[in-house]
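K.L.:
Heads up: the sequence shown at position 227 corresponds to 227 in the UniProt record's numbering, and the numbers run straight through without jumps. Attaching a single structure in structure tokens format; questions to follow.
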Amino acid sequence: YYFEKTLYNWNDAEVRCQWRGGHLFVPKDLSEWNLVYQTAKQKGIHDFWLGLNDKLIEGEFIAVDGSTSFYKNWKAGEPNNYNNEDCGHSRYDGTWNDHQCLTAKFASVCKMPFHVDMIEFENHKYYVGTEKVTWSEAQASCQYRGAELVSFKDIDESRFIHYEAVNKRGLEKFWIGYTDVVNEGSFKWTDHTEFGFTLFAAGEPNNAGNEHCVYQRKTGYWNDANCELKAGYVCKKPYFNPNRGGKSYRFFKRLSTWDIARQLCEQLKGSLVTIDSEAENEFLARESGNRGFSGTWIGYNDKDVEGTFKWVSGATTCYKKWLSGQPSSPDCVFLNPFTKYWSTSTCGFTRPYICEFNF
């Protein structure tokens with residue numbers, strides 16, 4: 001948990017939690033609630049935002065990660081939506097109240113489901129997982145962080161990660177993102193890179209006992225192994241995607257509302273992505289699909305004037321890729337990576353998103 005004493009509105013508080021790799025706190029049970037509430041009091045925090053809102057459907061409070069199953073401690077008569085109150089916060093006595101999301105300012109508590117200490121090398125960030133897990137569990141943990149199991153472009157990257165995982169953290173072996181689970185004998189990186197670099201030990205890979213997943217040994221060499229074996233793991237994600245036409249992109253798998261996605265992109269000195277051409281649309285659809293996105297927020301909307309769509313970047317591009325029958329009444333637009341067409345959606349719905357940066 002991270003306890004933030006600085007007062008922010010709900011949206012800004014949530015953005016700052018996302019920066020730390022988590023969300024505004026929502027308790028799963030009474031025990032967790034008592035722990036956080038008492039700790040907050042000890043730190044001098046008496047009123048703080050919770051990760052709850054009913055922006056999507058009035059009166060139906062959900063957690064920012066979309067869940068509806070959590071411990072509740074509403075004050076009698078609350079939530080009451082007095083004066084359009086859509087966001088939850090904890091009062092000094094530990095009971096909850098709904099409040100205005102943008103005008104009210106409170107302290108906040110962020111909950112990070114995992115340790116989020118990242119290391120950096122060249123244009124990427126890495127996370128070393130020291131807990132022993134199966135290959136699929138390791139991949140799921142990486143994807144929860146918006147990353148993939150590590151890929152290596154060359155010996156320098158491999159040596160850097162080996163030092164961090166083995167020399168500094170004591171791992172005997174760790175999973176990497178190399179697998180032939182789809183096609184026996186045809187190993188590929190899960191992040192879809194096409195690096196030719198390999199570092200298999202002598203006699204490997206040998207598929208001895210249904211071995212389709214790869215780990216790096218303490219020696220620095222690779223071995224194929226049964227995917228149910230338990231080992232440490234390393235995750236990898238780029239700061240930005242490679243420059244494309246004067247732009248770079250950053251893909252966020254963590255689900256956010258359109259407004260919060262926009263704010264986070266702007267915090268990074270970018271904007272929700274503007275799509276200028278068919279080629280760019282194809283590229284973004286493909287990259288979103290590769291990351292498992294089902295629908296990705298883009299920076300197109302008609303929030304100011306109904307029916308008049310604009311890009312948040314201020315761009316005046318004429319390119320559009322509407323699905324047949326679109327746009328409809330909602331104000332915010334997402335890209336479907338499978339059909340490659342755009343549709344409108346309620347802005348309070350949570351989706352992955354893409355930030356764009358111009359050089």
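Every residue, glycine too, gets a C-beta built ideally from N, C-alpha and C.
So what's HIS162 in DSSP terms, helix, strand or just coil?
P.N.:
The answer is helix: DSSP assigns HIS162 an H, G or I state.
K.L.:
So the beta strand (DSSP E) SER313 belongs to, where does it begin and stop?
P.N.:
No beta strand (DSSP E) holds SER313; DSSP gives it neither H nor E.
K.L.:
Helix, strand or coil: how does DSSP classify residue 360 here?
P.N.:
Here the chain comprises residues numbered 1 to 359, so residue 360 is not present and cannot be evaluated.
K.L.:
If we ignore side chains and look at the alpha-carbon of each, how far apart do PHE25 and ASP304 end up?
P.N.:
So the alpha carbons of these two residues sit roughly 32 angstroms apart.
K.L.:
Roughly how many whole angstroms lie between the Cα atoms of PRO337 and PHE293?
P.N.:
Cα to Cα, PRO337 sits roughly 7 angstroms from PHE293.
K.L.:
Whole alpha helix (DSSP H) runs in the UniProt domain "C-type lectin" (1-101) with 4 or more residues, listed along the chain?
P.N.:
Runs of the alpha helix (DSSP H) inside the UniProt domain "C-type lectin" (1-101): 10-19, 30-42.
K.L.:
Within a Cβ cutoff of 8 angstroms, which residues of the same chain sit near GLU78, ignoring the five residues on either side of it in sequence?
P.N.:
Once the five neighbours on either side are set aside, the close Cβ partners of GLU78 are THR95, TRP96, ASN97, ASP98.
K.L.:
In the DSSP assignment, find the unbroken beta strand (DSSP E) run with SER248 in it and report its ends.
P.N.:
Residues 247-256.
K.L.:
Taking the Cβ atom as the reference point for each residue, do ASP54 and PHE61 lie within a distance shorter than 7 angstroms?
P.N.:
In contact: ASP54 and PHE61 (Cβ atoms closer than 7 angstroms).
K.L.:
State the start and end residues of the unbroken alpha helix (DSSP H) segment that holds GLU287.
P.N.:
Element bounds for GLU287: 278-290.
K.L.:
Check for me: the beta strand (DSSP E) holding GLU131 runs from which residue to which?
P.N.:
GLU131 -> beta strand (DSSP E) spans 124-133.
K.L.:
Whose CA, out of VAL64, PRO205, ASN226, HIS46, lies closest to the CA of THR350?
P.N.:
Taking only the C-alpha atoms, the option nearest THR350 is VAL64.
K.L.:
Does the Cβ of LYS236 have 16 or more other Cβ atoms within 10 Å, making it buried, or fewer, making it exposed?
P.N.:
Buried is the call here.
K.L.:
Hey, GLY295 and PHE334: beta-carbon distance below 7 angstroms or not?
P.N.:
Closer than 7 angstroms, so yes.
K.L.:
Report yes if the CB atom of TRP175 is closer than 7 angstroms to the CB atom of LEU149, and no otherwise.
P.N.:
It is a contact, given that the beta carbons lie within the stated cut-off.
K.L.:
So, with DSSP's three-state summary, where would you put GLN143?
P.N.:
Looking at GLN143 - three-state DSSP - the assignment turns out to be helix.
K.L.:
Kindly list the residues whose CB is nearer than 7 angstroms to the CB of ARG291, restricted to its own chain and excluding five residues on each side of it in sequence; keep chain order.
P.N.:
Counting only Cβ-Cβ distances below 7 angstroms, and skipping sequence neighbours, we find PHE251, LYS253.
K.L.:
Along the beta strand (DSSP E) that carries ASN223, what are the first and last residues, could you check?
P.N.:
It spans 222-225 - the beta strand (DSSP E) in which ASN223 sits, taken as one unbroken run.
K.L.:
Would you kindly work out how many angstroms separate the C-alpha atoms of GLU131 and GLU228, rounded to a whole number?
P.N.:
For GLU131 and GLU228, the distance between alpha carbons rounds to 14 angstroms.
K.L.:
Is ILE275 helix, strand or coil when you go by DSSP?
P.N.:
If DSSP states are grouped into helix, strand and coil, ILE275 belongs with coil.
K.L.:
Between the region 311-325 and the region 208-222, are three or more C-beta pairs nearer than 8 angstroms?
P.N.:
No, they do not touch.
K.L.:
If I follow the unbroken beta strand (DSSP E) through THR179, where does it start and stop?
P.N.:
Looking at the DSSP string, the run of the beta strand (DSSP E) that includes THR179 is 173-179.
K.L.:
Return the chain-ordered list of same chain residues with a C-beta closer than 6 angstroms to the C-beta of VAL181, the five sequence neighbours on each side being excluded.
P.N.:
Only HIS212 meet the Cβ criterion.
K.L.:
Given 8 angstroms as the limit, is there contact between the region 190-209 and the region 256-269, that is, 3 or more CB pairs closer than that?
P.N.:
Touching, no, given that fewer than three Cβ pairs across the two stretches are closer than 8 angstroms.
K.L.:
Would you call PHE359 buried or exposed, if buried means 16 or more other Cβ atoms sit within 10 Å of its Cβ?
P.N.:
With a pLDDT of only 49 at PHE359, under the threshold of 50, the placement of this residue in the model should not be trusted; the figure read from the coordinates follows. PHE359 is exposed by the Cβ-count criterion.
K.L.:
In terms of alpha-carbon separation, which member of ASN301, ILE45, VAL234, SER324 lies closest to LYS125?
P.N.:
The residue with the shortest Cα to Cα distance from LYS125 is VAL234.
K.L.:
Hey, LEU323 and SER345: beta-carbon distance below 7 angstroms or not?
P.N.:
Result no, Cβ atoms of LEU323 and SER345 do not sit closer than 7 angstroms.
K.L.:
For CYS332, count the other beta carbons within 10 Å of its own beta carbon; 16 or more makes it buried, fewer makes it exposed. Which is it?
P.N.:
CYS332 is buried by the Cβ-count criterion.
K.L.:
In terms of residues, what are the limits of the beta strand (DSSP E) holding SER329?
P.N.:
Per DSSP, SER329 belongs to no beta strand (DSSP E) and is neither H nor E.
K.L.:
Below 8 angstroms on the Cβ atoms is my guess for ALA107 versus ILE45; work out the distance and round it to an integer in Å.
P.N.:
Indeed they touch by this definition, with Cβ atoms about 5 angstroms apart.
K.L.:
Taking the alpha-carbon positions, what's the ASN11 to GLY66 distance?
P.N.:
C-alpha separation (whole angstroms): 16 angstroms.
K.L.:
Any idea what DSSP makes of ARG262, helix, strand or coil?
P.N.:
Helix, per DSSP.
K.L.:
Take the Cβ of ALA40 as the centre, count every other Cβ of all protein chains shown within 10 Å, and call the residue buried at 16 or more, exposed below.
P.N.:
Label assigned to ALA40: buried.
K.L.:
Mapping the DSSP letters down to three states, classify ALA138 as helix, strand or coil.
P.N.:
Three-state result, ALA138: helix.
K.L.:
Measure from the alpha carbon of VAL128 to the alpha carbon of each residue in LEU56, GLY232, ASP29, SER277, then state which is nearest.
P.N.:
Closest option to VAL128, Cα to Cα, is GLY232.
K.L.:
CB-CB under 7 angstroms to GLY177, same chain, minus the five flanking residues each way: which ones, in chain order?
P.N.:
Answer for GLY177: GLU148, LEU149, VAL150, SER151, TRP189, THR190, ASP191, listed in chain order.
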